[in-house]
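Numbering (my numbering), first residue to last: 442 to 761.
Working notes for the structure below.
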């Protein structure tokens, strides 16, 4: 399988490391960027330590992102767990898998896309789910469809509903390491159509751009860190804000702390699905993250999600 075919939501098995989750949709030539499954018991720093202890040679500097990333040689991959293939093979053997198949069909119909563009991820894909597990779906956007808007119609019709404090245990697990309070987290999550409840089961869906429509092909930039900043401003464009990886165009109106270059940040990005649908066009926001400069275009952006103090939040909700 070519590396560009492995995308967010897929998993790979590597000897000595076990099952790793593929991150993003653009990978270094001959490599796949993948992390140990980051569940309730492992944060990003611990994931790096896990790899450092077992296969330190896989932690390599990536010239595109300007970061050290776990880069798995394709020849080292012993098994691929494809989310889309997983859904194609899935059979309704219990209530959770039955709900997952139903929800995938509803999403495909609502968005007007083929079910082959939808995958099942997480514990169902890896066949280690429990009765109280979540449903994890992946929707691969081929372009030309307003997928998130279509899913919003399902929410408005009551087919899905937002998460509430009733599911605080699930939310507390997902927000591990966040500076945001549980109350603020719930208020942000309740606005999202890619995260919610279907027939009593919590679901999360990653809207992933297909490699053909991804706006930042590998090698098209050379990002370098120039500091860390806390900024406030306005979201100018959020048409890519529902994706994983997500990107929103911003106008910085205040640099609370950080380098002078933070004023020039015209984009906030994150590879963490927790920040998808986090802010919308026209609203004020606050964000903390790594300030990056592209050595090719000289553009500046804010990269959110590398540390526990990173966040992006709607100013109307805040952190508390």
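Beta carbons: idealized from backbone N, C-alpha and C, even for Gly.
Treat the numbers as computed from the prediction; the structure is a model and nothing was measured.
A straight-line Cα-Cα distance of about 9 Å links residue 462 and residue 448.
For residue 636, same chain residues with a beta-carbon under 6 Å away, outside a window of 5 residues either side, are 630, 645 in chain order. At least 8 Å separates the beta-carbon of residue 541 from that of residue 658.
Residue 566 and residue 573 have their alpha carbons spaced roughly 15 Å apart. Looking at 708, 702, 695, the one whose alpha-carbon comes closest to that of residue 680 is 708. Remark: C-beta atoms of residue 728 and residue 745 approach each other more closely than 8 Å. The residue among 670, 465, 495, 603 with its C-alpha nearest the C-alpha of residue 743 is 670.
Annotated three-state conformation of residue 656 is coil, per DSSP. Here residue 558 carries a helix assignment [DSSP, helix/strand/coil].
Secondary structure note for residue 550: its alpha helix (DSSP H) is the uninterrupted segment 536-552. Counted as a single uninterrupted DSSP element, the beta strand (DSSP E) harbouring residue 735 occupies residues 725-735.
Taking a C-beta distance under 8 Å as the contact criterion, residue 586 and residue 552 qualify as a contact pair. Within the same chain, and ignoring the five residues on either side of residue 682 in sequence, the residues whose Cβ sits closer than 6 Å to its Cβ are 689. Residue environment for residue 664: buried (at least 16 other C-beta atoms within 10 angstroms of its C-beta). With distances taken between CA atoms, residue 518 lies nearest to 472 out of 687, 472, 533.
Exclusion of the five residues before and after residue 506 leaves 664 as the residues of its chain whose Cβ lies within less than 7 Å of its Cβ. In the three-state scheme derived from DSSP, where H, G and I count as helix and E and B as strand, residue 711 is classed as strand. If you draw a straight line from the Cα of residue 725 to the Cα of residue 675, it is about 4 Å long. The beta-carbon separation of residue 735 and residue 650, rounded to 19 Å, does not stay under the 8 Å limit for a contact.
Bounds of any beta strand (DSSP E) do not take in residue 631, whose DSSP letter is neither H nor E.
For residue 499 against residue 513, the beta-carbon gap comes to about 6 Å, under 8 Å, which counts as contact. Across the structure, residue 667 and residue 761 are spaced so that their CA atoms are roughly 29 Å apart. Counting other Cβ atoms within 10 Å of its Cβ, residue 535 stays below 16 and is therefore classed as exposed. Residue 660 sits away from residue 560, with the two beta carbons spaced by 8 Å or more. When the beta-carbon positions are compared, residue 632 and residue 718 come within less than 8 Å of each other. For residue 496, there is no enclosing beta strand (DSSP E), as DSSP marks it with neither H nor E. Going by DSSP, residue 599 is part of no beta strand (DSSP E) at all; its letter is neither H nor E. Annotation for residue 718: no alpha helix (DSSP H) segment contains it, and DSSP assigns it neither H nor E.
Counting every other CB atom within 10 Å of its CB across the protein chains shown gives residue 456 a total below 16, marking it as exposed.
About 12 Å separates the beta carbons of residue 524 and residue 453, which is beyond the 8 Å limit, so they are not a contact pair. For the pair residue 700 and residue 732, the CB atoms are nearer than the 8 Å cut-off. Residue pairing of residue 510 in beta bridges, as defined by DSSP: 501.
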